[in-house]
Structures are given as structure tokens and as C-alpha cells.
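S.K.: Numbering (my numbering), first residue to last: 34 to 301. First the structure, then my questions, so here it is.
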């Protein structure tokens, strides 16, 4: 393991002291120093903390000897995220076709939700999923339906299914795009995405329900992103009119009542 050596390399490249890093991570200097000097080994929570702080995957933090990289190799290593985000490197997508060799829309049942993170690239897992087709969607794109739970994204209610279009190149995602994000830590979530790729290789995930705090997810933990195209629900969304809409509705109602009364009077 290269954790201790890599922490020192990363800190020096950031041109920061041990005390500065420890303060920013809300950690005692002696604790952080112990990790760099191999007096102690960071637990998984601190590995995640270091991964986010130094913008490096946990795998690379543990297994890659960063001190051995030349300047050109370091430049290439530092820009690996671009290949990952753009889909230039291998991005596995397993899908199913029907008897006419046309792609179907796989539906992830709620009971299979937890297993999707492990089985999303397994042909046998995907093959067992129920599937269907929607004629109004393009045949040139890949779609999948995901279960939604909780009340963080109204008007889409818990128990609905969101149909998403597979996104190969994540750098094309615009601010405020509603997407299904499949990640190692959070599994399947439905949020509005705000990319911060150039700054720190993350996406900010925002709910339509303001009671839920936005949070960031690093590229290294994301497995798939599917852009919202439609949703399926057994419930009618709760639509609340604002004052202006209510005024228009009441005015139209009064006009309709007036027309009805006029017809009654004319027949009297």
C-alpha cells in the first residue's frame, strides 16, 4: 500500500503544510502526520475523506505509487478524469433485445434496486429484468426504467418509475439536467445535476424539494448516468396553483356560470 507516501506527494503538490491539510479536514495535526509517517493506517472513512479532498480515487490512493510518476506521467494521470467523464475509456452497458433484434427498455423492480449496483454490467442480471417498449422514444438511443422512492423530487412521487436515456459522455450534461445517477455509495438516485468537472471532478446533486440538502458526488464513484425522458406513475401529481393561476381559473369559472345562467334565462 502507498497511502502514506501518496498523502505526502499529494500534499506537497498542493503546496500545503500538514497543519493546513489537517485543519481543512478538521483533523488533529498529529493524527494526519501519523498517517503520512505510517504510524497509523487511515480507516475507510478517512480514506474517503482524503479521496474527496485530493480529488483522487481510493484505488489510486492505495495502490498507485504517485512518487514514481514523471512530470509527463503525472500530467497524464491528472487528466484521467477527462477520459472517464467523456466515456473515451471503456464504459460497460449491457442491454437486451427482443425477437426482432430491437432494444427494449429494462425495468428495475424495487426488489432488484439494491442489487443493481453490483449487477448493472452482468448480462445474466440484466437478462432477468422485465422489459417493455415505448413507441414514442427514439430507436437509436438506449433507455432504462428506474424505481423512485422518497419525496425529494416532486412532482415525481415515491413508487414511480423514471425512464432515462443512457449518457455516454458526461461532459455534455448541462446545468439543471434531471438525471438518474447510479453510484457506488448511494445506489440509484434521481436528481438535478450541476457539473463541476473542471474544478473538482464532481457533480452537484440537487433535489426539487428544498427540504433536501444538495450534495456532491465524485466521478470516481459514479457508475452510470441516465438523462430523464419520462416517468410512469399510478398517482396523479398534486398540482397547486399560484395566486395568478387561481385568478384565471376563477374568472373562467364565472364566465362558464354566466353562460349557463344566460341559457337558462333565454329558455324561461
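Think of the CB as a built atom: it goes at the ideal place given N, C-alpha and C, for glycine as much as any other residue.
Which of helix, strand or coil does DSSP assign to residue 93?
M.R.: Indexing the chain shown from 1 puts residue 93 at position 60. Helix.
S.K.: Starting from residue 75, follow its DSSP beta bridges and name the residues at the other end.
M.R.: In the chain shown, the residue the question calls residue 75 occupies position 42. Answer by DSSP bridge pairing: none, since residue 75 is not bridged.
S.K.: Indicate the three-state DSSP secondary structure (helix, strand or coil) for residue 142 in the structure shown.
M.R.: What you label residue 142 is simply residue 109 of the chain shown in a count that begins at 1. Residue 142 falls in the coil class under three-state DSSP.
S.K.: Helix, strand or coil: how does DSSP classify residue 236 here?
M.R.: Walking along the chain shown from the start, residue 236 turns up at place 203. The answer is strand: DSSP assigns residue 236 an E or B state.
S.K.: So residue 161 is in the beta strand (DSSP E); what residue range does that whole segment cover?
M.R.: Within the chain shown, numbered from 1, the residue matching residue 161 stands at position 128. Run containing residue 161: none; DSSP gives neither H nor E here.
S.K.: Cβ atoms of residue 215 and residue 266: under 8 Å apart, would you say?
M.R.: As a first step, residue 266 is located in the chain shown; it is residue number 233 there, counting from the start. As a first step, residue 215 is located in the chain shown; it is residue number 182 there, counting from the start. No, the Cβ-Cβ distance between residue 266 and residue 215 is not below 8 Å.
S.K.: Rounded to a whole number of angstroms, what is the C-alpha to C-alpha distance between residue 86 and residue 185?
M.R.: Indexing the chain shown from 1 puts residue 86 at position 53. Indexing the chain shown from 1 puts residue 185 at position 152. Near 27 Å, if we compare the C-alpha coordinates of residue 185 and residue 86.
S.K.: May I ask which residues mark the beginning and end of the beta strand (DSSP E) holding residue 178?
M.R.: Residue numbering aside, residue 178 sits at position 145 when the chain shown is read from its first letter. Here the beta strand (DSSP E) through residue 178 covers 176-180.
S.K.: Is the separation between the beta-carbon of residue 220 and that of residue 260 shorter than 8 Å?
M.R.: As a first step, residue 220 must be located in the chain shown, where it is residue number 187. As a first step, residue 260 must be located in the chain shown, where it is residue number 227. For residue 220 and residue 260, no; Cβs fall outside 8 Å.
S.K.: In chain order, what residues of the same chain lie with their CB nearer than 6 Å to the CB of residue 211, ignoring the 5 residues before and after it?
M.R.: On the chain shown, residue 211 is found 178 positions in, with the first residue counted as 1. Excluding sequence neighbours, residue 211 sits near 225 and 261.
S.K.: Grouping DSSP H, G and I as helix and E and B as strand, with all else coil, what is residue 263?
M.R.: Indexing the chain shown from 1 puts residue 263 at position 230. Three-state DSSP puts residue 263 in a strand.
S.K.: What are the boundary residues of the beta strand (DSSP E) that includes residue 68?
M.R.: As a working mapping, residue 68 is identified with position 35 in the chain shown. Per DSSP, residue 68 belongs to no beta strand (DSSP E); it is in the alpha helix (DSSP H), 62-69.
S.K.: Provide the residue span of the beta strand (DSSP E) that contains residue 110, from first to last.
M.R.: Here residue 110 corresponds to residue number 77 of the chain shown, with the count starting at 1. No beta strand (DSSP E) contains residue 110, which is instead part of the alpha helix (DSSP H) from 104-111.
S.K.: If I measure Cβ to Cβ from residue 39 and keep anything under 6 Å in the same chain, skipping five residues before and after, which residues do I get?
M.R.: As a working note, residue 39 is residue 6 in the chain shown. If we look at residue 39 and ignore the five residues flanking it on each side, its Cβ neighbours are 94 and 99.
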